[in-house]
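J.: Just so we're aligned, residue 875 is where the sequence shown starts under this note's numbering, counting upward by one.
Here a beta-carbon is modelled for each residue, glycine too, at the ideal position from N, C-alpha and C.
Encoded as structure tokens, here's the structure I'll be asking about.
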Amino acid sequence: MKTRASVLTAIGAPSPYARSRPLIVEELDLRGPGPGEVLLAIKAAGLCHSDLSAIDGARPRERTPLPIVLGHEAVGEVLEVGAGVNDLRAGDRVVTTFVPSCGHCVPCMEGRPALCEPAPGYSAAGTLATGGTRFSRGTEPVHHYVGVAAFSEYTVMARNSLVRIDGDIPVEVGALFGCAVLTGVGAVLNTARVKAGEAVAIVGLGGVGMSALLGARLAGAFPIVAVDLHPEKLRVAGEIGADLTVAADDPDCIARIRDATHGGVHFAFEMAGAAKSFDIAYRVTRRGGTTVIGGLPPGNVQLPVAQASIVAEERTIKGSYFGSAVPLRDIPRFIALHREGRLPVDRIAGEAVRLDGLNEAFDLLASGAPLRQVLLPTS
Ligand SMILES: NC(=O)c1ccc[n+]([C@@H]2O[C@H](COP(=O)([O-])OP(=O)(O)OC[C@H]3O[C@@H](n4cnc5c(N)ncnc54)[C@H](O)[C@@H]3O)[C@@H](O)[C@H]2O)c1
Ligand SMILES: [Zn+2]
Ligand SMILES: [Zn+2]
């Protein structure tokens, strides 16, 4: 069949993308679904900073195979299932996940599917977990970003990259559960296991950081400190539950947070993917506390910490990938919490974007200003 998709053909195009236009809307051929695969109509797809990192080449170690269809956080409707897929049928709604867990490697068996061993190999190759690509233009294969490729009207995915959901959640909100919510809420509940009354700081308030803020609120953290460079982000953070908001470029930023939390927070979350935001997160973590890193900086960024401080202050630095999530457990429970009003993800969803507006939308994302923008591919 044919699908209109946004295709990335070159990495590192100069900004603004509105002028250099690294993303081009093209009509592609789409084959499948083969055994273990599912054909989806993408209803909504969020724009994540990790897509931007593929466009600007911020993470060269994971060089992205080109051409490629980006997008890794979406709600789709099942149109057709391949052989052997017996637990999904046409009309089902699904949330996509960007780590297709195999279910039988050591991390999967240990309940840590975010660390599934074969998954990074498929992502690096730009193929599905079931092997190969399903998109092409003429004879040339077009790759799938992290097995999802959601910036398209239609896509084919491996069954084990999908989580079935009830159909009642608005698609532009449901899409966020695939990355931002799973990553941000998961970092708080799964990676850090924050307890009621513990002090939390979140540095970087994109879709991931705002989700962490919602997660901290859900966990009963107090006080919750939110840090960003953008005043509008701080305003929204105050509305959705931050007890204190601090501008990252305030010269007194660190002192203010340490004062307000009697020496620092139990858990600080670095959610911007920058060396400067890690510096804030580390310095506002209290003695004995934990600094959780969820942001993904360029591959050459090294941690700048004094080794002795880890020992003498009994600090922990902890990475959080994919919210240390078990998607089949966490996506349905986070959606249930949303339905009850306890995880108001609708408050962090931003503007709708069309396929031909993605270059402009990524310019906006690069500025750090917008709430989570959501592509509606068929609008
Ligand atoms: N760990 C994971 O599994 C995972 C999953 C998804 C995204 N990510 C990464 O998480 C990060 C955040 O993603 P996003 O989509 O929410 O990004 P985003 O671009 O939407 O938001 C980033 C926010 O950080 C703010 N910021 C930038 N520099 C800052 C600084 N020095 N101090 C304070 N705030 C600063 C920006 O103003 C913006 O509000 C990215 O690095 C992304 O690649 C990681
Ligand atoms: Zn993401
Ligand atoms: Zn596995």
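Using the three-state DSSP reduction, which class does Tyr996 fall into: helix, strand or coil?
T.: Residue state, collapsed to three classes: helix.
J.: Unbroken alpha helix (DSSP H) runs of length 4 or more, entirely within the stretch 897-962: which are they?
T.: Those alpha helix (DSSP H) runs which fall completely within the stretch 897-962 and span 4+ residues are 923-930.
J.: Taking the beta strand (DSSP E) that Ala1032 falls in, what are its first and last residues?
T.: First-last of the beta strand (DSSP E) with Ala1032: 1028-1032.
J.: Mind checking if Ile916 is an interface residue toward chain B, Cβ cutoff 8 Å exclusive?
T.: In the structure shown, chain B cannot be found, because there is only a single protein chain.
J.: Heavy atom of ligand 1 less than 7 Å from the Cβ of Asp1124, yes or no?
T.: No, the beta carbon of Asp1124 sits no closer than 7 Å to any heavy atom of ligand 1.
J.: May I have a chain-ordered list of the alpha helix (DSSP H) segments no shorter than 4 residues that lie completely inside the stretch 1104-1167?
T.: Runs found: 1105-1114, 1127-1134, 1149-1157.
J.: Quick one: is Gln1181 buried, meaning 16 or more other Cβ sit within 10 Å of its Cβ, or exposed?
T.: Result: exposed.
J.: With a threshold of 16 other CB atoms inside 10 Å of the CB of Pro1125, please say whether the residue is buried or exposed.
T.: Exposed, because fewer than 16 other Cβ atoms sit within 10 Å of the Cβ of Pro1125.
J.: Tell me which same chain residues have a C-beta within less than 6 Å of the C-beta of Gly1224, skipping the five on either side of it?
T.: Cβ within range, chain order: Pro1244, Leu1245, Arg1246, Gln1247.
J.: Let's see if you can read the secondary structure: which residues bound the alpha helix (DSSP H) around Pro1015?
T.: Pro1015 -> not in any alpha helix (DSSP H); beta strand (DSSP E) instead, spanning 1014-1018.
J.: Would you check if the distance between the CB atom of Met1145 and the CB atom of Ile1076 is smaller than 8 Å?
T.: Against a cut-off of 8 Å, the Cβ pair of Ile1076 and Met1145 comes out as a contact.
J.: Please report the residue range of the alpha helix (DSSP H) in which Leu1088 lies.
T.: That run of the alpha helix (DSSP H) goes 1081-1093.
J.: Could you spell out where the alpha helix (DSSP H) holding Glu1234 opens and where it closes?
T.: Run containing Glu1234: 1232-1240, per the alpha helix (DSSP H) assignment.
J.: Just to confirm, is the Cβ distance from Pro1172 to Leu1088 under 8 Å?
T.: No, the pair does not count as a contact, with Cβ atoms beyond the cut-off.
J.: May I have a chain-ordered list of the alpha helix (DSSP H) segments no shorter than 4 residues that lie completely inside the stretch 1170-1195?
T.: Counting whole runs of 4 or more residues, the stretch 1170-1195 contains the alpha helix (DSSP H) stretches 1181-1186.
J.: Check whether the Cβ atoms of Asn1034 and Pro974 sit closer than 8 Å, and answer yes or no.
T.: Result yes, Cβ atoms of Asn1034 and Pro974 sit closer than 8 Å.
J.: Does DSSP put Phe1009 in a helix, in a strand, or in coil?
T.: Three-state result, Phe1009: strand.
J.: Could you pull out every residue in the same chain whose Cβ sits closer than 7 Å to the Cβ of Ala1235, ignoring the five residues on either side in sequence?
T.: Around Ala1235: Leu921, Val1227, Gln1247.
J.: Are there any heavy atoms of ligand 2 lying less than 7 Å away from the beta-carbon of Ser924, as far as the coordinates show?
T.: Checking every heavy atom of ligand 2 against the Cβ of Ser924, one is found closer than 7 Å.
J.: By DSSP's criteria, Arg1038 is part of a beta bridge. Which residues make up the other side?
T.: Note: Arg1038 sits in a beta bridge opposite Val968.
J.: Please list, following the chain, all residues that have a C-beta closer than 7 Å to any non-hydrogen atom of ligand 3.
T.: Spelled out in chain order, the answer is Ser975, Cys976, Gly977, His978, Cys979, Pro981, Cys982, Pro987, Cys990, Glu991, Pro992, Ala993.
J.: Just the Cα atoms here: how many angstroms apart are Tyr1028 and Val955?
T.: Rounded to whole angstroms, Tyr1028 to Val955 spans 13 Å at the Cα level.
J.: Excluding the five sequence neighbours on either side, which residues of its own chain have a C-beta within less than 7 Å of the C-beta of Asp1230, listed in chain order?
T.: So the qualifying residues of the chain are Val899.
J.: Considering only DSSP beta bridges, list what Leu882 is partnered with.
T.: Paired residues: Leu897, Ile942.
J.: Please report the straight-line C-alpha distance between Arg1109 and Ala1142, rounded to a whole angstrom.
T.: About 20 Å.
J.: What does the alpha-carbon distance come out to for the pair Val912 and Ala919?
T.: Val912 and Ala919: Cα-Cα distance of roughly 17 Å.
J.: Rounded to whole angstroms, what is the Cα-Cα separation between Ile885 and Thr1135?
T.: C-alpha separation (whole angstroms): 43 Å.
J.: Pop quiz: Val1158 and Arg1132 are said to be a contact at Cβ under 8 Å. What is the actual Cβ separation, rounded to whole angstroms?
T.: Sure, about 6 Å apart at Cβ, within 8 Å.
J.: For Gly1224, does the three-state DSSP call read helix, strand or coil?
T.: DSSP places Gly1224 in strand when its eight states are reduced to three.
J.: Run the CB neighbour count on Ser1253, radius 10 Å, all protein chains shown included, and call it buried at 16 or more, exposed below.
T.: Ser1253 should be labelled exposed.
J.: Secondary structure at Ala1075, three-state DSSP: helix, strand or coil?
T.: Ala1075: strand per DSSP, three-state reduction.
J.: Less than 8 Å between the C-beta atoms of Glu947 and Leu1050, yes or no?
T.: Yes, the pair counts as a contact, with Cβ atoms nearer than the cut-off.
J.: Can you tell me which of Ala1066, Gly908, Leu1250 puts its alpha carbon nearest to the alpha carbon of Gly958?
T.: Checked all of Ala1066, Gly908, Leu1250; the closest Cα to Gly958 is Gly908.
J.: Could you give the DSSP three-state label for Val1219: helix, strand or coil?
T.: Note: Val1219 maps to helix in three-state DSSP.
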